[in-house]
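*Asks:* Take this structure first; my questions come after.
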Amino acid sequence: MRRMLLLLLLLPAAAASSLPPSNKVVFILGGQSNMAGRGGVVGSHWDGIVPPECAPNPSILRLSPQLRWEEAYEPLHNGIDSNRTCGVGPGMSFANALLRSSPGQFPVVGLVPCAVGGTRMAHWAKGTDLYSDLVRRSRVALETGGRIGAVLWYQGESDTVRWADANDYARRMAMLVRNLRADLAMPHLLLIQVGLASGLGQYTEVVREAQKGIKLRNVRFVDAKGLPLEDGHLHLSTQAQVQLGHMLAQAYLNYGTSTL
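Residues are numbered in this note's numbering as their position in the sequence shown, beginning at 1, plus a constant of 317.
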């Protein structure tokens, strides 16, 4: 009887200790395959190589597909970009770079993977399933405390195929930013978008110019052009993803604190 009573008394403490910390700095990862991560993927096989810059860390969490916080590890988008083979993306390199640069400023980094391969900007318009899921996961990420530091966005390769999509990219991207800020009640939300390193069609430069030309406050541009590609034409290699993560971290360190 005493033993059972002791166990009952300990249960609340055990539950409390399993709760995620309330001092998280949360980052939303959105876009398509290069954000979801194809580093080390050839065909439908991931080589399983995780660079030290992308290693797990108890201070880096991810919001799982089941909306639970867990220790983050590669592939970060496993179970999110479903029915596809995911590999190394920029998220873990980004988070580890933040922790190394200023551990006191980032006691816990919470990553919220939301990217889905093969998507066009039209698929992320308000009212679509992808947009609704993006907002839902962002809101859930804050239920246990913390704040959103930024949205990291890498998308647009699929919008290079048709002129109509490429030509309308700037308008759709601006609407995405405005809608997210309104639906998350964060009018100054920082969004760091990655300039395309590659594209599926002939309008890659049209989309890149649209990305560079967005003139909204607290929208920053990090250029992936020139980073090495895994398959020679579309997906960033593992080391390129590591480098991109560092570039995103530096962009956040340069601009993120000014949005608070």
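Even for Gly, the Cβ is constructed at its ideal location relative to N, Cα and C.
Only a predicted model underlies this, so the values are computations on that prediction, with no experimental measurement involved.
1. Short of 7 Å in beta carbon distance, which residues of its chain neighbour Ser475, apart from the five on each side in sequence? Order them along the chain.
2. With distance defined between alpha-carbon atoms, name the residue in Gly354, Val342, Ile366 and Phe344 nearest to Leu546.
3. According to DSSP, Pro430 sits in a beta bridge with which residue or residues?
4. Can you tell me whether Glu460 is buried or exposed? The criterion is at least 16 other CB atoms within 10 Å of its CB, across all chains shown.
5. Would you tell me roughly how many angstroms separate the C-alpha atoms of Ile377 and Leu393, rounded to the nearest one?
6. Confirm, please, whether the CB-CB distance from Val511 to Trp470 is below 8 Å.
7. Note down, in chain order, each residue of its chain lying with its Cβ closer than 8 Å to the Cβ of Ser381, except the 5 sequence neighbours on either side.
8. Mapping DSSP to helix, strand and coil, what is Leu378?
9. Could you tell me which of His505, Gly462, Pro407 and Asn400 sits nearest to Ala389, measuring between CA atoms?
10. Which class does Arg401 belong to by DSSP, given the choice of helix, strand or coil?
11. Would Trp441 be called buried (16 or more neighbouring beta carbons within 10 Å of its own) or exposed?
12. Measure the alpha-carbon distance for Met490 versus Asn374 and round it to whole angstroms.
13. Just verifying my parser: in three-state terms, what is the DSSP assignment at Phe423?
14. Which residues share a DSSP beta bridge with Ile465?
15. Going by beta carbon distance, what residues of the same chain come within less than 8 Å of Leu323, once the five residues before and after it are set aside?
16. Can you tell me whether Ser554 is buried or exposed, with buried defined as 16 or more other CB within 10 angstroms of its CB?
17. For Thr477 versus Val524, is the C-beta spacing smaller than 8 Å?
18. With Gly530 as the anchor, note down where its alpha helix (DSSP H) starts and where it stops.
19. If I'm right that Val433 touches Leu447 with Cβ under 8 Å, what's the distance once you round it to whole angstroms?
20. Based on Cα-Cα distance, which residue from Val359, Tyr486, Trp480 and Phe423 lies nearest to Gln472?
21. On a Cα-Cα basis, can you pick out the residue from Ser419, Leu565 and Arg454 that is closest to Leu497?
22. Which residues mark the beginning and the end of the alpha helix (DSSP H) in which Arg437 is found?
23. Beta-carbon within less than 7 Å of Val343's beta-carbon, same chain only, minus the 5 sequence neighbours each way: which residues are those?
24. Whose CA, out of Cys371, Thr402 and Arg385, lies closest to the CA of Ser361?
25. Mind checking which residues open and close the alpha helix (DSSP H) that includes Val452?
26. CB Glu391 to CB Val367, shorter than 8 Å?
27. Flag this pair as yes or no: are the beta carbons of Leu565 and Ile531 separated by less than 8 Å?
*Replies:* Quick look at the numbers:
1. Gln349, Gly435, Thr436, Arg437 and Leu517
2. Gly354
3. Leu346, per the DSSP bridge assignment.
4. exposed
5. 11 Å
6. yes
7. Cβ within range, chain order: Glu387 and Gly396.
8. strand
9. Pro407
10. coil
11. Under the 10 Å beta carbon count, Trp441 is surrounded by 16 or more other beta carbons and is classified as buried.
12. 33 Å
13. Residue state, collapsed to three classes: coil.
14. Val343
15. Any reading at Leu323 must be qualified, since the residue scores a pLDDT of 42, below 50, and its modelled position is unreliable; no value is offered.
16. buried
17. The answer is yes: Cβ separation under 8 Å.
18. Thr521 to Gly530
19. 6 Å
20. Nearest of Val359, Tyr486, Trp480 and Phe423 to Gln472, Cα basis: Tyr486.
21. Checked all of Ser419, Leu565 and Arg454; the closest Cα to Leu497 is Arg454.
22. Per DSSP, Arg437 belongs to no alpha helix (DSSP H) and is neither H nor E.
23. Gly427, Val429, Ala458, Leu459, Gly463, Arg464, Ile465 and Gly466
24. Thr402
25. Asp446 to Ala458
26. yes
27. no
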